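Residue numbers (the numbering used here): 2 to 226.
Single-structure report; data block below.
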């Protein structure tokens, strides 16, 4: 069985699962292969590393749950405000895509809601890539290096096999009239499918109504910036 340890975070008690397993009154730790290693045979450094990771993960899981609740509260508050205004003025608040910005009366705080489309690319993108590569073979030496660089990296895929949509969309901005290129761009447009939307809430503050906005970051990577 496993033991659940309790640790404190800002006055709240959270649960941390212990790696120690008990069999026949002996202590073990399970390694990544699923082997049970007697606790006495596990190096102290590994025990300390495991303990450090579990401590941080306990805090991270708790913080993640807080952020989820916070986002839900934000969207609920914004939704309630929208309903009140719609009832009062018989008009929908926000832009055509649902984007909106709410500002405090003194002009020093604002909350922005941005709704982004979630996209995926269909098999037409493979056809577009084939045509574009054929064009590249013919145009090498005839185009500016900047354009060739954009084209050459546009179809790079990440470790999960996903294309970078920003780079793909850059291709659509290139003014190239070759008939093959036009067909390739049509294939890219046909490959774009909107599979849903995602809402992002952003927070800003400033010292006075004419000052520069400062982002209130909820991003862990930017929180200490």
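Ideal Cβ placement from N, Cα and C applies to all residues, glycine included.
Computed from a predicted model, the values in this text were never measured in an experiment.
| Check | Outcome |
| --- | --- |
| Among 100, 189, 217, whose alpha-carbon lies nearest the alpha-carbon of residue 124? | 189 |
| Helix, strand or coil: how does DSSP classify residue 178 here? | coil |
| Suppose you measure from the CA of residue 168 to the CA of residue 101; what does that come to, to the nearest Å? | 27 Å |
| Could you check where the alpha helix (DSSP H) with residue 80 kicks off and where it finishes? | 45-90 |
| Could you tell me which of 92, 126, 175, 205 sits nearest to residue 194, measuring between CA atoms? | 126 |
| Within this structure, are the beta carbons of residue 113 and residue 203 separated by less than 8 Å? | yes |
| Give a yes or no on contact between the segment 75-88 and the segment 157-176, applying the rule of three or more CB pairs nearer than 8 Å. | no |
| What residue range does the alpha helix (DSSP H) around residue 126 cover? | 125-140 |
| Would you give the residue range spanned by the beta strand (DSSP E) that residue 197 belongs to? | 193-206 |
| With 16 other CB atoms within 10 Å as the buried threshold, where does residue 217 fall? | exposed |
| When you measure from the CB of residue 130 to every non-hydrogen atom of the ligand GTP, does any distance come out below 7 Å? | No copy of the ligand GTP appears in this structure; indeed no ligand is present at all. |
| Which of the three DSSP states is assigned to residue 117 in this structure? | strand |
| Helix, strand or coil: how does DSSP classify residue 156 here? | coil |
| Between which two residues does the beta strand (DSSP E) harbouring residue 103 extend? | 101-104 |
| Could you check if residue 129 is buried or exposed, using at least 16 other CB atoms within 10 Å of its CB as the buried criterion? | buried |
| Over what stretch of residues does the beta strand (DSSP E) that includes residue 37 continue unbroken? | 37-39 |
| Near residue 61, which residues of its chain fall below 6 Å by C-beta distance, leaving aside the five closest residues on each side in sequence? | none |
| Using 8 Å as the threshold, is the C-beta distance between residue 166 and residue 132 below it? | no |
| Based on DSSP bridge pairs, tell me the residues matched to residue 168. | None; residue 168 has no bridge partner. |
| Decide if residue 192 is buried, meaning its Cβ has at least 16 other Cβ atoms within 10 Å, or exposed. | buried |
| If you compare alpha carbons, which of 44, 200, 36, 58 is closest to residue 19? | 58 |
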